[in-house]
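The structure appears below as structure tokens.
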Amino acid sequence: MQSNRATEKKQKGLLGLLFLAPSLLGVCIFVLLPFADVVRRSFLDAMGNQFTGSRNYKNVLQNEAFRLAAGNTVKFMLVCIPVLLLLSLVCALLINQRKVYQEFFKTTFLFPMAIPVASVVLLWRLFLDQNGFFNEAIKFFGLSTVNWMNSDKAFGVLVFTYLWKNTGYDMILWLAGLAAIPKERYEAASVDGAGKWQCFRYVTLPGLRSSVFVIGILSLVNCFKVFREAYLIAGDYPHESIYMMQHLFNNWFVSLDIQKMTAASVMMALVMILIMSMVWYRNERSREWEEG
Numbered sequence: 000m001q002s003n004r005a006t007e008k009k010q011k012g013l014l015g016l017l018f019l020a021p022s023l024l025g026v027c028i029f030v031l032l033p034f035a036d037v038v039r040r041s042f043l044d045a046m047g048n049q050f051t052g053s054r055n056y057k058n059v060l061q062n063e064a065f066r067l068a069a070g071n072t073v074k075f076m077l078v079c080i081p082v083l084l085l086l087s088l089v090c091a092l093l094i095n096q097r098k099v100y101q102e103f104f105k106t107t108f109l110f111p112m113a114i115p116v117a118s119v120v121l122l123w124r125l126f127l128d129q130n131g132f133f134n135e136a137i138k139f140f141g142l143s144t145v146n147w148m149n150s151d152k153a154f155g156v157l158v159f160t161y162l163w164k165n166t167g168y169d170m171i172l173w174l175a176g177l178a179a180i181p182k183e184r185y186e187a188a189s190v191d192g193a194g195k196w197q198c199f200r201y202v203t204l205p206g207l208r209s210s211v212f213v214i215g216i217l218s219l220v221n222c223f224k225v226f227r228e229a230y231l232i233a234g235d236y237p238h239e240s241i242y243m244m245q246h247l248f249n250n251w252f253v254s255l256d257i258q259k260m261t262a263a264s265v266m267m268a269l270v271m272i273l274i275m276s277m278v279w280y281r282n283e284r285s286r287e288w289e290e291g
């Protein structure tokens with residue numbers, strides 16, 4: 000009896016691998032093999048003929064532009080991701096409680112994602128240019144104008160752009176997580192005398208634990224897409240407060256600094272894998288602790 004079950008389980012496993020084989024093959028050909036080549040090139044010179052050891056990595060770490068771009072990128076992620084997760088969760092909770100006009104609010108919050116990047120850039124220029132709407136309004140009240148994109152204010156503009164464009168997307172993901180929580184849990188908590196805060200703390204938050212990991216990773220990925228707005232607004236060399244890793248890679252690509260690009264790419268990939276592994280490990284440990 001046990002041998003039959005083991006055979007059946009093995010057959011199901013092989014069938015699952017068979018269905019996954021095309022996707023796995025595509026990932027190997029278009030992702031893993033190119034990345035392996037990048038790792039190989041990170042230990043070679045620009046022409047790819049001579050082994051240089053760790054010299055490329057040392058040059059990258061000593062590069063001032065790399066330290067500036069890495070610091071700004073880390074700062075941007077540390078500011079934007081927590082604010083985005085909290086803001087989108089609050090919006091999701093408020094909309095989830097409203098049954099009337101719920102679809103209207105969903106569409107409204109998702110609308111920024113449907114706007115092309117070029118249109119967003121044109122909109123920001125109309126508002127943030129030296130003679131734009133904001134500065135004209137400031138002049139009306141007798142105050143001095145602000146150079147929004149060529150001062151420290153540029154970082155705040157980029158943060159606002161990221162939040163404005165991604166809040167609706169994360170809100171929809173939170174709403175999907177809220178819909179997956181069984182209503183019986185709230186009913187049982189209400190019977191036990193739990194109020195709204197107790198229901199949120201002991202029912203909603205634990206029910207959203209798996210959603211936090213997915214939404215956090217997607218928000219992290221979207222952080223790197225904000226480069227398009229910064230690039231189109233301020234060009235190759237924007238104000239140093241918004242000089243991100245994407246600007247650095249673009250400039251290295253133009254100058255064909257292959258050895259620097261490959262070394263920096265490998266370091267970034269390792270850091271990303273480490274962050275995702277830590278978040279996943281903590282999420283699994285918290286789930287095991289709750290279930291145990």
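Residue numbering for the sequence shown follows numbering that gives the first Met the number 0, beginning at 0 and increasing consecutively. Glycine included, every Cβ here is placed at the ideal spot set by N, Cα and C. Keep in mind the model is a prediction, meaning the values are calculated, not measured.
Item                                                                                                                     : Value
Best match in L23, S41, L17 for proximity to A262 [C-alpha to C-alpha]                                                   : S41
Which listed residue (I232, I241, M266, L255) has its alpha carbon closest to that of L121                               : I232
Inter-residue spacing [alpha-carbon to alpha-carbon] between Q129 and W123                                               : 11 Å
C-beta contact flag for N250 and A64 at 9 Å                                                                              : yes
Cut-off 8 Å between Cβ atoms - residues of its own chain near L157, not counting five sequence neighbours on either side : F75, V225, E228, A229, I241
Cβ pair S218, I80 closer than 9 Å                                                                                        : yes
Straight-line Cα distance separating I216 from M275                                                                      : 7 Å
Start-to-end residues for the alpha helix (DSSP H) that takes in T72                                                     : 63-95
Buried/exposed call for S210, threshold 16 Cβ in 10 Å                                                                    : buried
F140 (DSSP reduced to helix, strand or coil)                                                                             : coil
For L43, the residue or residues it bridges with in DSSP                                                                 : F50
S150 - DSSP class collapsed to helix/strand/coil                                                                         : coil
For F252 and V30, the rounded distance between their alpha carbons                                                       : 19 Å
Three-state secondary structure (DSSP) of S254                                                                           : coil
Neighbourhood of S150 by C-beta distance below 7 Å, restricted to the same chain and skipping five residues each side    : H238
Nearest-angstrom beta carbon gap, L83 and T203 [assumed within contact, 8 Å]                                             : The pair is not a contact, with the Cβ atoms about 19 Å apart (cut-off 8 Å).
Within 9 Å, strictly: CB atoms of I171 and F223                                                                          : no
Beta-carbon separation (whole angstroms), V145 vs K152, contact threshold 8 Å                                            : 6 Å
Per-residue DSSP class, three states only, for L207                                                                      : coil
Where D57 falls: helix, strand or coil (DSSP)                                                                            : Note that residue 57 is Lys in the sequence shown, not Asp. Three-state DSSP puts K57 in a helix.
Distance, R39 Cα to M244 Cα                                                                                              : 21 Å
C-beta contact flag for Y185 and M112 at 9 Å                                                                             : no
CA-to-CA distance, L273 to L125, given in whole angstroms                                                                : 41 Å
Alpha-carbon spacing of F104 relative to A175, whole angstroms                                                           : 15 Å
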